[in-house]
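Everything below concerns the one structure shown next.
In my numbering, the protein residues as written are 4 to 142.
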């Protein structure tokens, strides 16, 4: 089998956590935390998952403060409940679900269960979750 296709683009706010309002941007911080929490769903963030997330973030040319923020998040991922509450408050349910999907390969049962539960807690119907997966080329 050949090489896997290139990953789909990450929503702009997640790809540029330092853009606009700096690392304090609620939406950008939420999306970064969602990716990291998704990657940690199986109990550990493996090297491939960490590199995938860092690769997406490095494209935004992060400064030292932003890189420090990422490292702290890797050491202590946010709880799913916290992510869901913030996503609902910001109206970012589909974006959070999308970046969470992009952070992992879903090769572990725990990751798939996390994503299924995340989608439900975000209030996404099965149809909505399927549409997001399809838009990302993951269906």
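All C-beta atoms in this analysis are idealised placements derived from N, C-alpha and C, irrespective of residue type, glycine included.
Short Cβ contact (8 Å threshold) for residue 118 with residue 109:
Translated into positions along the chain shown, residue 118 becomes position 115. Translated into positions along the chain shown, residue 109 becomes position 106. Result yes, Cβ atoms of residue 118 and residue 109 sit closer than 8 Å.
Which runs of the alpha helix (DSSP H) spanning at least 4 residues fall entirely within the segment 94-126, listed in chain order?
If we require 4 residues or more, the alpha helix (DSSP H) runs fully inside the segment 94-126 come out as 96-105 and 112-124.
Among 91, 137, 41 and 59, which one has its Cα closest to the Cα of residue 79?
Taking the first residue of the chain shown as 1, we reach residue 79 at position 76. Closest option to residue 79, Cα to Cα, is 41.
Measuring alpha carbon to alpha carbon, tell me which residue in 61, 91, 76 and 142 is nearest residue 38.
Locating residue 38 in the chain shown gives position 35, where the first residue counts as 1. Here the closest residue by C-alpha is 76.
Start-to-end residues for the alpha helix (DSSP H) that takes in residue 28:
Within the chain shown, residue 28 is the residue found at index 25, counting from 1. The continuous stretches of alpha helix (DSSP H) do not include residue 28, and DSSP gives it neither H nor E.
Check residue 139 in the structure and name its three-state DSSP category.
Mapped onto the chain shown, residue 139 falls at position 136. Residue state, collapsed to three classes: coil.
Please determine if the segment 120-139 and the segment 95-105 are in contact, where contact requires at least 3 C-beta pairs separated by less than 8 Å.
Per the Cβ contact rule, the segment 120-139 is in contact with the segment 95-105 (3 or more Cβ pairs under 8 Å).
DSSP on residue 58, reduced to helix/strand/coil?
What you label residue 58 is simply residue 55 of the chain shown in a count that begins at 1. Correct three-state label for residue 58: helix.
Rounding to the nearest angstrom, what Cα-Cα distance links residue 61 and residue 130 in this structure?
Stepping through the chain shown from its first residue, residue 61 is reached at position 58. Stepping through the chain shown from its first residue, residue 130 is reached at position 127. Residue 61 and residue 130 have their C-alpha atoms some 33 Å from each other.
Beta-carbon separation (whole angstroms), residue 101 vs residue 139, contact threshold 8 Å:
The sequence position of residue 101 within the chain shown is 98, counting from 1. The sequence position of residue 139 within the chain shown is 136, counting from 1. That pair is a contact at about 6 Å.
Residues near residue 103 by beta carbon distance below 7 Å, same chain, minus five either side:
The count along the chain shown starts at 1 and reaches residue 103 at position 100. Here the set comprises 37, 38, 41, 118 and 121.
Extent of the continuous alpha helix (DSSP H) run through residue 65
Sequence index remark: in the chain shown, residue 65 carries index 62 (1-based). No alpha helix (DSSP H) holds residue 65; DSSP gives it neither H nor E.
Return helix, strand or coil for residue 129, following the three-state DSSP convention.
By one-based count along the chain shown, residue 129 stands at place 126. Reduced to three states, the DSSP call for residue 129 is helix.
Is residue 64 buried or exposed, if buried means 16 or more other CB atoms sit within 10 Å of its CB?
Locating residue 64 in the chain shown gives position 61, counting from the first residue. Counting the other CB atoms within 10 Å of its CB gives residue 64 a total below 16, which places it among the exposed residues.
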